[in-house]
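Residue numbering for the sequence shown follows UniProt numbering, beginning at 1 and increasing consecutively.
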Amino acid sequence: MAKRKVLPKTNLVKNEVLIMTSPMIESLAAGLFLIMGGVSLIPAVILLILRVKLFKYFFLASGVGFYYFLVIALVVPYIPPFGSMSSEESRATNKASVENYFKNLPVDKAKLETDSKMKNDEAAKKKADDEKTAK
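Laid out in structure tokens, this is it:
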């Protein structure tokens, strides 16, 4: 019977990429976006006070756009693949679920028996060879 090639098991958990974001950097970015949003609204307010119709909608739109961008920047870090949901606890949970998945994969019993039989035969051959060389 021909020997089957056994592929090495890959450990997905070792290859897991750990991405962690710093809360300090996130808070600095949020502050920066707030400042940018406020600064972009200042010209719009000045133009509205002066009743200048030219460009006021542009500045209003840019200010509102910055605040939308700010909302996105503050919400995205808490969406599961990115920020707080990809914490150490959830990584440990994911690691456990991956290991559990691979443990519970349906395995062909005949294949297991054949593999164990082949291992036993190889061990017996090696033992016989060792005994021959010892004599």
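Just so you know, even glycine gets a beta-carbon here, dropped at the ideal spot from N, CA and C.
In the three-state reduction of the DSSP assignment, Lys135 falls in the coil class. For Asn100, the three-state secondary structure derived from DSSP is helix. In this structure, Tyr68 is the residue among Ala29, Leu28, Tyr68, Phe102 with its C-alpha nearest to the C-alpha of Leu41.
For the 9 Å CB-CB criterion, Leu70 and Ala96 do not form a contact.
Collapsing the DSSP output to three states places Leu50 in coil.
Contact annotation: Leu74 and Phe33 have beta-carbon atoms nearer than 9 Å. Taking C-beta separations shorter than 7 Å and ignoring five residues to either side along the sequence, the partners of Met36 in its chain run Phe66, following chain order.
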